[in-house]
Amino acid sequence: MAQKPSIPKGTRDFSPAEMTNRNYIFDTIKSIFRLYGFQPIETPAMENLSTLMGKYGEEGDKLLFKILNSGDFANGLSDQELLERNSIRLTNRISEKGLRYDLTVPFARFVVQYRNNISFPFKRYQIQPVWRADRPQKGRYREFYQCDVDIVGSNSLLNEMELVQIVDAVFSKLKIKTTIKINNRKILAGIAEVIGEKDRIVDITIAIDKLDKIGLEKVNEELIEKGISMDAVNRLQPILHLSGTVSEKLLQLESAIGQSEIGAKGITEVRTLFAYLSKLELNTEVELDLTLARGLNYYTGAIFEVKAKDVAIGSICGGGRYDDLTGIFGMPNVSGVGISFGADRIYDVLTQLNLFPLATADSTKLMFVNFGEKEEAFCLPVLTAARKAGINAEIFPDQSKMAKQMTWANNKKIPFVAIVGENEMAQGKINLKNMVTGEQQLVDQQELIKILSA
RNA sequence: GUGGUUGUAGCUCAGUAGGUUAGAGCGCUGGAUUGUGGUUCCAGAGGUCGUGGGUUCGAGCCCCAUCUACCACCCCA
1 MAQKPSIPKG TRDFSPAEMT NRNYIFDTIK SIFRLYGFQP IETPAMENLS
51 TLMGKYGEEG DKLLFKILNS GDFANGLSDQ ELLERNSIRL TNRISEKGLR
101 YDLTVPFARF VVQYRNNISF PFKRYQIQPV WRADRPQKGR YREFYQCDVD
151 IVGSNSLLNE MELVQIVDAV FSKLKIKTTI KINNRKILAG IAEVIGEKDR
201 IVDITIAIDK LDKIGLEKVN EELIEKGISM DAVNRLQPIL HLSGTVSEKL
251 LQLESAIGQS EIGAKGITEV RTLFAYLSKL ELNTEVELDL TLARGLNYYT
301 GAIFEVKAKD VAIGSICGGG RYDDLTGIFG MPNVSGVGIS FGADRIYDVL
351 TQLNLFPLAT ADSTKLMFVN FGEKEEAFCL PVLTAARKAG INAEIFPDQS
401 KMAKQMTWAN NKKIPFVAIV GENEMAQGKI NLKNMVTGEQ QLVDQQELIK
451 ILSA
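Mapping to the working numbering: the first sequence position 249 is 249, numbers consecutive.
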């Protein structure tokens, strides 16, 4: 095992078998996206660092992969700058590009850049890899694929409703049981306002987010540790104890934070969305979860998160509404909503639950055994005819032992094998073997195509 | 980024208090069956024990470093 080649931490290769499974995920997601009127775009793997920095919070900036300037990147650096060892300032001097961290920010950039060519509301989907310099774990990679759908240029809550429908449709099709958790950033802002810590929304929501993980006491400890006043923490308690149905929770919430203008607005939004949802027939469980925070700091309205039910893995899908993402790029007053499906985690869920379909449309259906030149000459036209008829077919390229060829077909899970030797050629027929049942029958070209087209 | 666990044939793992030529199952190759895979039987190939140092007469086993995967925190798809 002398010095095997390898790939960077947190990245993966995909074998043919994995690719057919991955394509199954991408194809079903795409088909649903199209069904709801979304169109594809793509953006480059790298963006200017200036469009990426500062969009994902302090943590996010650290997790950005920066690209070293090409050429003599040290040229123009003073000795003093080097001696200072200020990593952040040094980074600015030697790197001006970075790998994309998600698909939403590049999309906002895209919208602003092509605003004159886009007719709003703009509905796009985008399926591409993103990169994060995170420490890898199970279901957590440094290069992974996101499948985003977003609508920009519309404030209607109908969009939020349709996103929930899309989530429901995708996971129904993939046969994954899920729960969609919904919250609203405005409600979180209202809570912060009412308890008198308006500027600490982020710290408060991050702590609240951990409620079902570490429990109430630890959450309170963390809040106080973060410098939230005792008084505020006390006033927060009733809100953490909401219970009952969605409308019951909203009523309790209304009396608690209704006096906050933004909080009241959030409550109205959630109420409207759930009114829409109540008229739909969904397979997916939808719940209002006031402890759902989500880190990305550009969300301003609805927040979504989807968890798979029978598997312990992080969220497999998440998103929300952002009112001013394009504003950062100089185009104010354009609101967007979107969600992102994590293809790699969905893959892990499907694997653990054994939910991948056995045969997929893109695998070979028929293989011709290769006996030699004469047989080849007989088989090749039949092979061409089969392909013309839309049957995925191939001929074994070498005149190897038959057992070897059969094993190869078997490993590749090819369901039919055509065996043509002297006997068959004399009759002008093909010996067609069904690899599942082991049955063989003599057929002519038309019959072969008919059997395989079925 | 902080703290921890791990790594032996293609895969899943054994490997006894550090002691001679490192084992098994599956897979692979060949044969029983010179035109038949998936089941059976027989034989064979394949490892500088993640990598680099060190301790020791002697290291797969002990120590250090490094890489990887994994776990917790952080954060998140």
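Each residue gets a CB set at the ideal place from its N, CA and C atoms; glycine is no exception. Small disclaimer: the values here were computed from a predicted structure and weren't measured.
Bridge partner(s) assigned by DSSP for residue i
i	result
Ile143	According to the sequence as given, residue 143 is Glu; it is not Ile. Looking at the DSSP assignment, Glu143 forms a beta bridge with Trp131.
Gly318	Glu305, Ser340
Ala399	The question names Ala, but residue 399 in the sequence shown is Gln. Gln399 pairs with nothing; no bridge assigned.
Val152	Phe122, Gly336
Run of the beta strand (DSSP E) containing residue i, from where it starts to where it stops
i	result
Ile182	178 to 184
Val420	Taken as a continuous stretch (DSSP letters only), Val420 belongs to no beta strand (DSSP E), as it is neither H nor E.
Glu42	Run containing Glu42: none; DSSP gives neither H nor E here.
Phe368	366 to 368
Leu99	95 to 99
Ile430	430 to 434
Own chain residues within Cβ distance below 8 Å of residue i, not counting five before or after
i	result
Lys9	Pro136, Arg142
Phe14	Arg22
Asn380	Residue 380 is actually Leu in this sequence, not Asn. Around Leu380: Ile395.
Val219	Ala207, Ile208, Lys210, Leu211, Leu240
Thr407	none
Met46	Ile67, Lys97, Gly98, Leu99, Arg100
Met1	With a pLDDT of only 38 at Met1, under the threshold of 50, the placement of this residue in the model should not be trusted; the figure read from the coordinates follows. Excluding residues within five positions, none has a Cβ falling inside 8 Å.
Pro468	As shown, the chain starts at 1 and ends at 454. That puts residue 468 outside it, with no answer to give.
Leu174	Ile25, Thr28, Ile346, Leu350, Leu355
Ile449	Ala385, Ala386, Ala389, Ile391
For residue j and residue i, the rounded distance between their alpha carbons
i	j	result
Ser255	Glu197	19 Å
Asn431	Arg124	50 Å
Asp203	Leu253	20 Å
Gln446	Lys374	21 Å
Asn184	Leu82	46 Å
Ala189	Ala232	14 Å
Leu350	Gly421	43 Å
Asp344	Gln441	43 Å
Ile451	Thr104	48 Å
Gln399	Ser70	51 Å
Asn423	Glu376	14 Å
Arg140	Arg93	31 Å
Gln146	Gly60	17 Å
Ala108	Thr326	5 Å
Lys307	Leu90	40 Å
Glu42	Asp79	41 Å
Glu160	Gly318	12 Å
Pro5	Ser453	43 Å
Ser87	Leu63	14 Å
Gln237	Leu216	9 Å
Lys365	Ala426	25 Å
Leu77	Lys55	27 Å
Proximity to residue i [Cα-Cα], best of the options
i	options	result
Gly37	Val149, Met19, Gly57, Gly139	Val149
Gly336	Gly330, Tyr347, Ile328, Asp324	Asp324
Ile303	Lys412, Glu58, Lys181, Thr364	Lys181
Asn297	Met53, Leu240, Asp444	Met53
Arg100	Thr51, Lys388, Glu225, Ser247	Thr51
Ser243	Asp289, Arg271, Gln259	Asp289
Lys412	Met367, Phe371, Glu47, Ala426	Met367
Ile187	Ala264, Ile32, Gly390, Asn392	Ala264
Val270	Leu282, Ser247, Asn116	Ser247
Ile313	Gly428, Lys138, Thr205, Thr407	Lys138
Tyr114	Met331, Ile201, Thr300, Ile88	Met331
Asn48	Gln39, Gly57, Ile32, Leu68	Leu68
Thr268	Asp199, Asp310, Gly301, Ser229	Gly301
Asn144	Thr11, Ile328, Gly258, Phe120	A quick correction: the sequence has Phe, not Asn, at residue 144. Per the Cα distances, Thr11.
Ser119	Pro129, Val152, Gln126	Val152
Gly342	Glu281, Ser315, Leu448	Ser315
Ile195	Gly338, Ile228, Gln352	Ile228
Phe73	Arg85, Ser95, Phe110	Ser95
Ser31	Val170, Ile7, Gln128	Val170
Gly320	Asn155, Lys279, Tyr276	Asn155
Glu193	Phe329, Ser260, Val436, Ile166	Ser260
Where the alpha helix (DSSP H) containing residue i begins and where it ends
i	result
Glu373	373 to 388
Glu59	57 to 63
Ile313	Where Ile313 is concerned, there is no enclosing alpha helix (DSSP H), given that its DSSP letter is neither H nor E.
Cβ-based neighbour list, residue i, same chain, cut-off 6 Å, excluding 5 preceding and 5 following
i	result
Gln405	Val369, Phe396
Thr272	Leu157
Gln126	Ile41, Leu103, Asp148
Glu305	Lys181, Leu292, Ser315, Gly318
Phe33	Tyr125, Val149
Own chain partners of residue i with C-beta closer than 7 Å, once the 5 adjacent residues on each side are dropped
i	result
Phe65	Gly98, Leu99, Trp131, Ala133
Met402	Val369
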